[in-house]
Amino acid sequence: MEKLLKWSVANSTNDEEAKKKIGTPDPELLAQLFGGKVDDPTLMKQSMAIIMDEEAEAKSKEVAFENFEMLIENLDNANNIENLKLWKPLIELLRSNDEFKSQTCSCIGTAIQNNTKSQEDFLKYEDGLKTLIEISKDADEPEEVKLKSFYALSSLLRHNEDAYGKFNDLKGWDLIASSPTLLSDKLKLRMLSLFSSLLSTGVSSEKRQIIQEKKILLELIELLTVDQSISILDKIIHILTELISGNYKLNDQECDSLTKNLKNLEPIKDRLNEDDFKVLKQVIS
1 MEKLLKWSVA
11 NSTNDEEAKK
21 KIGTPDPELL
31 AQLFGGKVDD
41 PTLMKQSMAI
51 IMDEEAEAKS
61 KEVAFENFEM
71 LIENLDNANN
81 IENLKLWKPL
91 IELLRSNDEF
101 KSQTCSCIGT
111 AIQNNTKSQE
121 DFLKYEDGLK
131 TLIEISKDAD
141 EPEEVKLKSF
151 YALSSLLRHN
161 EDAYGKFNDL
171 KGWDLIASSP
181 TLLSDKLKLR
191 MLSLFSSLLS
201 TGVSSEKRQI
211 IQEKKILLEL
221 IELLTVDQSI
231 SILDKIIHIL
241 TELISGNYKL
251 NDQECDSLTK
261 NLKNLEPIKD
271 RLNEDDFKVL
281 KQVIS
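So in UniProt numbering, the last spot in the sequence shown is 285, and the numbers never skip.
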């Protein structure tokens, strides 16, 4: 399979020297590549074997990751990760393979997105959620990695009460509370998507208390400035309306800040979600 992937990479890049060096794979391997007799579970195991192979070249591992993620976009294949005993090695890669940490997070997010069974399977491994949170908190992690770890967390937490409980126990809320003003626009959007996922299981009194005590909402309100992108502003405004509809009561500091910043947004309000903006105006009026 390693030779097959090398041959595939060489052909896709028209590297004549590499093609001569590698040679032509045997016909059975070529049949695998072009949709012959190999089923998806076998291809998933073969891809993971290459990913875990210490002697495999980086390009071969990259192709194997791409193939694996493409396969698990299929719901049945994602649900089969546990049966094939592939969750454990995939989660272990979060700690042991810095080079492909981004691809690992991406595969996890793809497998568990809108998929209750795969979410439950992932949560069986205690180190999985803990490591995703640690990666997302780590200031030294490259942005590309953190974008994917936030994606994986959002996929796991959306509409999953059990995942939320574990996330809360692991102090995951600190991800939302830690100076969002310092994040790039891409990370702000991912952080806001994570916040929305946290609210997808309801706005409980516990959540309302955490958000207010950690001054999370106040931090988000401070981001409501005309120099923010419209997509960021709309996401924040929608989160505010979700919280208010969930009986969140703004304290004086939050209300004052929201009043000031909504007034500053008046020149661009036509570019924002009209209904959500009206709700907030009514709240502070």
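All C-beta atoms, glycine included, are put in the ideal place defined by N, C-alpha and C.
When DSSP labels each residue in this structure, what does HIS159 get in the three-state scheme? In the sequence shown, counting from the first residue as 1, residue 159 sits at position 159. In the structure shown, HIS159 sits in coil (DSSP, three-state: anything other than H, G, I, E or B).
Just to check my reading of the structure: LEU43 and LEU71 have Cβ atoms closer than 8 Å, yes? What is that Cβ distance to the nearest angstrom? Taking the first residue of the sequence shown as 1, we reach residue 43 at position 43. Taking the first residue of the sequence shown as 1, we reach residue 71 at position 71. Contact holds; Cβ gap of about 6 Å.
Once the 5 residues before and after ARG95 are set aside, which same chain residues still bring their CB inside 7 Å of it? Reading the sequence shown from its first residue, position 95 is the one you call residue 95. Same-chain partners within the cutoff: THR131.
Can you name, in chain order, every residue of its own chain whose Cβ lies under 8 Å from the Cβ of GLU143, other than the five neighbours on each side? One-based indexing of the sequence shown puts residue 143 at position 143. For GLU143, where only same-chain residues beyond five positions count, the Cβ hits under 8 Å are SER184, LYS186 and LEU187.
In chain order, each alpha helix (DSSP H) run of at least 4 residues that lies wholly inside the stretch 195 to 248: As far as the stretch 195 to 248 is concerned, its whole alpha helix (DSSP H) runs of at least 4 residues are 205 to 213, 216 to 221 and 230 to 245.
On the CB-based measure, 16 or more other CB atoms within 10 Å of its CB, does THR104 come out buried or exposed? On the sequence shown, residue 104 is found 104 positions in, with the first residue counted as 1. Result: buried.
Unbroken alpha helix (DSSP H) runs of length 4 or more, entirely within the stretch 80 to 108: which are they? 87 to 96
Rounded straight-line distance, which links the Cα of VAL38 to that of ASN168: To locate residue 168, count along the sequence shown from 1; it is residue 168. To locate residue 38, count along the sequence shown from 1; it is residue 38. Going from the Cα of ASN168 to the Cα of VAL38 covers about 42 Å.
Among the residues of its own chain, which have a CB less than 8 Å from the CB of VAL226, if the five just before and after it don't count? As a working mapping, residue 226 is identified with position 226 in the sequence shown. Counting only Cβ-Cβ distances below 8 Å, and skipping sequence neighbours, we find ASN264, LEU265, PRO267 and ILE268.
Assuming contact is defined by CB atoms lying nearer than 8 Å, are TYR164 and VAL203 in contact in what I supplied? Counting from 1 along the sequence shown, the entry for residue 164 is found at position 164. Counting from 1 along the sequence shown, the entry for residue 203 is found at position 203. Against a cut-off of 8 Å, the Cβ pair of VAL203 and TYR164 comes out as no contact.
Three-state secondary structure (DSSP) at ASP26? Taking the first residue of the sequence shown as position 1, residue 26 is located at position 26. Annotation note: pLDDT 47 at ASP26 (below 50); position unreliable, coordinate value reported separately. Coil at ASP26, not helix or strand.
Inside the stretch 121 to 185 only - beta strand (DSSP E) runs reaching at least 3 residues: none
Grouping DSSP H, G and I as helix and E and B as strand, with all else coil, what is GLU55? Here residue 55 corresponds to residue number 55 of the sequence shown, with the count starting at 1. Of the three classes helix, strand and coil, the one that applies to GLU55 here is coil, per DSSP.
Do VAL145 and SER102 have their C-beta atoms within less than 8 Å of each other? Position 145 of the sequence shown holds residue 145. Position 102 of the sequence shown holds residue 102. Taking 8 Å as the Cβ cut-off, VAL145 and SER102 qualify as a contacting pair.
Measure from the alpha carbon of SER196 to the alpha carbon of each residue in ILE239, LYS137 and SER155, then state which is nearest. Locating residue 196 in the sequence shown gives position 196, where the first residue counts as 1. It is ILE239.
How long is the line joining the alpha carbons of ILE284 and GLU254, rounded to whole angstroms? For the purposes of this step, residue 284 is taken as the residue at position 284 of the sequence shown. For the purposes of this step, residue 254 is taken as the residue at position 254 of the sequence shown. Near 10 Å, if we compare the C-alpha coordinates of GLU254 and ILE284.
Identify which residue in LYS88, ASN115, SER178 and GLU274 has its Cα closest to the Cα of LYS214. For the purposes of this step, residue 214 is identified with residue 214 of the sequence shown, where counting begins at 1. Closest option to LYS214, Cα to Cα, is SER178.
Closest Cα partner of ASN79 within the set MET52, ALA139 and ILE108: As a first step, residue 79 is located in the sequence shown; it is residue number 79 there, counting from the start. The shortest C-alpha separation from ASN79 is found at ILE108.
Burial state of ASP224 (16 or more Cβ within 10 Å): Taking the first residue of the sequence shown as 1, we reach residue 224 at position 224. The question names Asp, but residue 224 in the sequence shown is Leu. Buried, since its Cβ has 16 or more Cβ neighbours within 10 Å.
Is THR116 buried or exposed, if buried means 16 or more other CB atoms sit within 10 Å of its CB? Stepping through the sequence shown from its first residue, residue 116 is reached at position 116. Flag for THR116 reads exposed.
Is ASN77 helix, strand or coil when you go by DSSP? To locate residue 77, count along the sequence shown from 1; it is residue 77. ASN77 falls in the helix class under three-state DSSP.
Would LEU243 and LEU194 be called neighbours here (beta carbons separated by less than 8 Å)? Here residue 243 is taken as the residue at index 243 of the sequence shown, counted from 1. Here residue 194 is taken as the residue at index 194 of the sequence shown, counted from 1. Going by C-beta atoms, LEU243 is not nearer than 8 Å to LEU194.
Which value, in whole angstroms, describes the spacing of the CA atoms of LEU189 and SER205? Counting from one through the sequence shown, the residue named residue 189 turns up at place 189. Counting from one through the sequence shown, the residue named residue 205 turns up at place 205. Going by the C-alpha atoms only, they are around 25 Å apart.
Residues in its own chain within less than 8 Å of TYR125 by CB, not counting five upstream and five downstream? Residue 125 sits at position 125 when you count from the first residue of the sequence shown. Cβ neighbours of TYR125 beyond the five flanking positions: TRP87, LYS88 and ILE91.
Give every residue of the same chain whose Cβ lies closer than 8 Å to the Cβ of ILE230, excluding the five residues on either side of it in the sequence, and list them in chain order. Locating residue 230 in the sequence shown gives position 230, where the first residue counts as 1. Taken in chain order, the residues that qualify are ILE268, ARG271 and LEU272.
Quick one, which of ILE236, ASP275 and GLY246 has its alpha-carbon nearest ASN261's? For this step, residue 261 is matched to residue 261 along the sequence shown. It is ILE236 whose Cα lies nearest to the Cα of ASN261.
GLU55 to PHE68, Cα distance in whole Å? Taking the first residue of the sequence shown as position 1, residue 55 is located at position 55. Taking the first residue of the sequence shown as position 1, residue 68 is located at position 68. For GLU55 and PHE68, the distance between alpha carbons rounds to 19 Å.
The alpha helix (DSSP H) that contains ASP263, what's its start and end? Here residue 263 refers to the residue found at position 263 of the sequence shown. Sequence check: residue 263 is Lys here, not Asp. Per DSSP, LYS263 belongs to the alpha helix (DSSP H) from 252 to 265.
Does DSSP put ASN67 in a helix, a strand or coil? Within the sequence shown, residue 67 is the residue found at index 67, counting from 1. Here ASN67 sits in helix by DSSP.
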